[in-house]
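Number of protein chains: 2
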Amino acid sequence: MVEIRRPIQVNDALEKVLSQVIPLEAEEVELSKSYGTILAEAIIAPHDVPLFNRSPYDGYAIRSVDSIHASGSNRILFHVVGHIGAGDFYHNELRENEAVRIMTGAALPYGADAVVMFEQTIEKDNTFTIRKPFRYLENVSLQGEDAKKGEELISKGQLIHPGVMALLATFGYAFVKVSKKPKVGILCTGSELLQVNDSLQPGKIRNSNGPMIEGQLARMGIEYKSYGILPDHLEDCQNLVRKALDENDCVITTGGVSVGDFDFIPKIYKQLNAQVLFNKVAMRPGSVTSCAVLDGKLLFGLSGNPSACYIGFEIFTRPALQKMMGNVRPFLPQTKAVLLENYSKPNPFTRFIRSIYSFDGNQATILPAGFNKSNAVSSIAKGNAFMVLPSGTRSFKKGDVVDVLLLGYEDGVSTWNL
Amino acid sequence: MVEIRRPIQVNDALEKVLSQVIPLEAEEVELSKSYGTILAEAIIAPHDVPLFNRSPYDGYAIRSVDSIHASGSNRILFHVVGHIGAGDFYHNELRENEAVRIMTGAALPYGADAVVMFEQTIEKDNTFTIRKPFRYLENVSLQGEDAKKGEELISKGQLIHPGVMALLATFGYAFVKVSKKPKVGILCTGSELLQVNDSLQPGKIRNSNGPMIEGQLARMGIEYKSYGILPDHLEDCQNLVRKALDENDCVITTGGVSVGDFDFIPKIYKQLNAQVLFNKVAMRPGSVTSCAVLDGKLLFGLSGNPSACYIGFEIFTRPALQKMMGNVRPFLPQTKAVLLENYSKPNPFTRFIRSIYSFDGNQATILPAGFNKSNAVSSIAKGNAFMVLPSGTRSFKKGDVVDVLLLGYEDGVSTWNL
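For the record, the sequence lines run as chains A and B. First residue of the first sequence: 1, per the UniProt record's numbering; consecutive thereafter. First residue of the second sequence: 1, per the UniProt record's numbering; consecutive thereafter.
See below:
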């Protein structure tokens with residue numbers, strides 16, 4: 001007799017998974033190694049940026065008051081009394097009709113409150129003239145105009161990208177507090193599986209899910225330990241899952257989640273006394289995607305079918321791992337796009353179709369990436385997005401606007417709107 | 001006298017850069033290390049996928065001919081003569097009204113041409129009955145339906161992402177031929193620059209461009225060598241640039257590209273006898289972005305201003321590095337979005353505004369990421385996109401649809417449509 005499982009909706013399953021996530025601790029990493037990690041503290045400006053009034057151009061720093069009467073018929077003469085390269089500091093105060101030659105980024109000398117660009121002057125020996133008045137603070141980058149001391153600039157839980165690294169460097173963070181990354185164990189089940197470097201044998205296929213999940217984790221910048229292909233024996237299997245749980249923060253298995261005679265994963269969950277969050281989801285492919293939790297650690301039981309496995313990871317495992325890292329934007333980026341061909345199948349469950357998203361300069365389009373079954377591998381190789389068709393719909397037409405989840409992002413979005 | 005430079009258009013500058021790119025050689029990498037590299041060979045199916053007719057479900061393999069007369073009032077009985085787990089192979093040929101219990105993914109036995117799902121049967125001891133006829137090849141995953149032997153599935157020059165890794169694994173690629181990644185040298189100029197861990201001093205700022213570019217390269221999965229802050233002496237500077245060129249495929253400098261008294265980069269290009277491709281681009285910020293080529297190696301002279309530096313890298317350096325790796329999709333992904341506030345400044349040059357792109361479930365929106373000057377650092381930390389306003393335009397209004405370049409992608413698009 002076949003076990004009857006009750007499917008739950010994708011959103012409900014996702015909520016169950018995320019509610020079990022225990023965020024990881026923080027650690028300090030070198031700034032140069034911080035790309036792709038998640039900030040475990042807010043960046044609050046420890047000082048103004050700029051730290052001082054500075055020149056945004058190469059030119060002359062003057063006292064604006066000296067330029068008031070300048071005009072084409074009354075050019076005003078300034079005496080150049082010094083020269084400030086960027087990083088230099090001029091210690092005297094400017095006096096009447098004095099100017100200091102100043103380079104981009106350099107601090108204005110005391111008394112100076114405007115900058116004349118070279119092209120606004122006629123230079124002669126150690127003097128120059130100008131033909132227009134300059135306003136107070138004209139051509140001056142003001143202290144604090146970019147960031148004010150005490151201002152929260154980037155909140156905790158944001159991805160550290162190159163722009164954030166620039167800000168951290170500005171504030172002198174040689175080290176930065178980030179969330180630890182989860183350690184993830186990968187185990188593949190299936191007595192039909194060969195290793196990648198094995199020759200083909202009748203009835204067997206090479207294990208593609210293992211390398212695929214390694215890539216999905218590498219895309220997230222997460223390290224993993226691969227435990228290879230599980231032995232075809234329940235107790236050995238169970239011991240290996242137990243070992244992987246001990247050694248990692250999260251364990252992913254592929255295959256063995258269905259109701260077939262050799263589907264060990266439900267039995268292992270039971271024997272380990274893991275709490276099963278769900279074992280059937282109202283989605284295609286990937287309806288057998290399962291998730292359990294033991295001692296605060298998540299076990300993802302992904303399908304053995306490559307397309308279903310890929311989607312199960314991106315929809316459930318990815319956001320859970322992001323949340324473990326404290327990422328406030330754990331979900332795949334979404335958009336909408338125009339469907340380029342009819343899609344007539346009914347969708348009793350939410351359907352995720354591996355698709356090719358593109359933007360032609362005017363509009364975003366989406367096209368299924370070829371052969372579309374749960375066991376397909378070519379379409380995950382060709383696709384860069386999932387087209388998402390809600391359950392209870394059918395007969396989408398060329399030209400319809402549909403929901404799209406974009407893959408291949410390093411960053412995500414903050415809410416799940418589907 | 002100030003040197004007058006003629007600005008060239010962004011597209012022309014980009015074309016000049018890309019025309020100088022010399023693609024790097026190929027190398028073999030382990031499949032598990034291949035994520036984020038670019039394929040240096042097409043993937044052509046060495047065999048069909050599936051390799052054999054297989055069962056997509058757990059059930060019974062039968063001869064469809066035996067089911068022709070099945071109906072509710074005429075249930076047909078089958079004898080279960082064997083059991084095939086996935087990976088097993090049943091060597092006998094099925095005879096009349098025989099069936100073999102078969103698991104998902106297993107090869108159909110000789111003679112079998114349809115699969116009955118468990119839920120379509122009434123089982124009793126070693127037999128079952130069915131109440132409907134099965135068509136020839138019903139519930140069978142056909143040999144070659146996913147990929148045909150000899151078919152080109154993924155072309156050379158595509159990014160290796162997790163789906164591609166699954167395909168490579170399926171075909172037994174334990175190693176894959178990919179383009180080498182460029183080695184990039186980073187040198188920062190500016191006598192105002194402090195190291196990240198230095199205390200602040202009057203007139204000085206910490207070097208943020210170096211760590212930022214390290215992040216921009218890390219985002220592309222490219223390794224770099226940082227040569228630190230250049231000495232304040234032309235000849236030493238030049239020697240260091242020479243050394244960086246010798247040790248790398250591409251050299252990035254920051255700062256020193258303007259026409260100020262301490263702007264060494266143009267002098268260094270001249271003394272090294274490098275061919276200057278451009279030294280002024282009709283863009284804001286980043287108009288001083290320069291590029292030269294020497295012995296087939298590109299030298300990028302990026303602005304010392306963080307926002308300008310960031311944009312110069314993403315618009316010019318990034319696609320050049322992608323093209324060096326043979327990536328057929330070297331450009332930042334584009335989209336369009338609705339502007340959320342008025343932007344009234346005129347745009348004599350193409351303007352790239354660090355912005356926050358988001359998609360609320362219905363529409364894509366874009367908002368400038370705060371303080372918007374070429375020397376700003378907070379806006380690059382807050383932004384995830386560039387809003388692009390064409391030259392010769394002005395007075396964009398809230399609600400206008402504008403062009404957007406998305407950052408934080410691992411992958412790009414194939415054409416530049418702006």
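Quick reminder that beta carbons are idealized off the backbone N, C-alpha and C, glycines included. For clarity, every value in this text was computed on a predicted model and none was experimentally measured.
Exposed unless 16 or more other CB atoms sit within 10 angstroms - verdict on residue i
i: I311(B); result: buried
i: N11(A); result: exposed
i: G399(A); result: exposed
i: V413(B); result: In this prediction, V413(B) has a pLDDT of 46, which is less than 50 and means its spatial position is unreliable; nothing more can be read from the coordinates.
i: R6(B); result: exposed
i: Q238(A); result: buried
i: I43(A); result: buried
i: E96(B); result: exposed
i: L142(A); result: exposed
i: P202(B); result: exposed
Residue i - DSSP class collapsed to helix/strand/coil
i: N209(B); result: helix
i: V196(A); result: coil
i: Q334(A); result: strand
i: L277(B); result: strand
i: G412(A); result: Reliability of the predicted coordinates at G412(A) is poor, the pLDDT of 46 falling under 50, and no value is obtained from them.
i: N400(A); result: Looking at the sequence provided, one finds Asp at residue 400(A) rather than Asn. Coil at D400(A), not helix or strand.
i: S378(B); result: helix
i: M283(B); result: strand
i: M165(A); result: helix
i: Y269(B); result: helix
i: K183(A); result: coil
i: I43(B); result: strand
i: T121(B); result: coil
i: I315(A); result: helix
i: R219(A); result: helix
i: V65(A); result: helix
i: T170(A); result: helix
i: S71(A); result: strand
i: R5(A); result: coil
i: K373(A); result: coil
i: N177(B); result: At residue 177(B) the sequence reads Lys, which differs from the Asn that was named. Correct three-state label for K177(B): strand.
Range of the contiguous alpha helix (DSSP H) that encloses residue i
i: R354(B); result: Taken as a continuous stretch (DSSP letters only), R354(B) belongs to no alpha helix (DSSP H), being part of the beta strand (DSSP E) at T350 to F359.
i: P109(B); result: First-last for P109(B): undefined, no H or E at that position.
i: T189(A); result: T189(A) -> no alpha helix (DSSP H), and no H or E assigned at all.
i: K243(A); result: L234 to E247
i: M324(A); result: R318 to M324
Beta-carbon proximity check, residue i vs residue j, cutoff 9 Å
i: C250(B); j: L299(B); result: yes
i: S155(A); j: A114(A); result: no
i: N207(B); j: L194(B); result: yes
i: I366(A); j: V404(A); result: yes
i: A70(A); j: R131(A); result: yes
i: Q9(A); j: S287(A); result: no
i: residue 423(B); j: N375(B); result: Chain B is shown only over 1 to 418; residue 423(B) falls outside these bounds and no answer can be derived.
i: V164(A); j: L51(A); result: no
i: I160(B); j: T170(A); result: no
Opening and closing residue of the beta strand (DSSP E) in which residue i lies
i: S290(A); result: S290 to L294
i: V153(B); result: Before going further, note that residue 153(B) is Leu rather than Val in the sequence given. E152 to I154 is the span of the beta strand (DSSP E), which, as asked, contains L153(B).
i: R101(B); result: E98 to I102
i: V17(A); result: Per DSSP, V17(A) belongs to no beta strand (DSSP E); it is in the alpha helix (DSSP H), V10 to S19.
i: G301(A); result: K297 to L302
i: G366(B); result: First, the residue type needs correcting, since residue 366(B) is Ile and not Gly in the sequence shown. Counting along the chain, the beta strand (DSSP E) containing I366(B) begins and ends at A364 to P368.
i: Y310(B); result: Careful: Y310(B) lies outside any beta strand (DSSP E), inside the alpha helix (DSSP H) at P306 to G312.
i: L77(B); result: I76 to I84
i: F386(B); result: A385 to L389
i: S226(B); result: Y224 to I229
i: A26(B); result: A26 to E30
i: T129(A); result: T127 to I130
query: So, do the stretch 291-301 of chain A and the stretch 358-369 of chain A have three or more beta carbon pairs nearer to each other than 8 Å?
result: no
query: Any chance the stretch 117-132 of chain A sits against the stretch 50-64 of chain A, with 3 or more Cβ pairs inside 8 Å?
result: yes
query: For the 8 Å Cβ check, are there 3 or more pairs between the stretch 73-91 of chain A and the stretch 120-133 of chain A?
result: yes
- prompt: For the stretch 172-186 of chain B against the stretch 212-225 of chain B, are there 3 or more C-beta pairs whose distance is under 8 Å?
  reply: yes
query: Any contact of the stretch 322-338 of chain B with the stretch 13-33 of chain B, i.e. 3+ C-beta pairs under 8 Å?
result: Result yes; three or more Cβ-Cβ pairs closer than 8 Å.
- request: Take every Cβ of the stretch 165-177 of chain A, pair it with every Cβ of the stretch 233-247 of chain A, and state whether three or more of those distances are shorter than 8 Å.
  value: no
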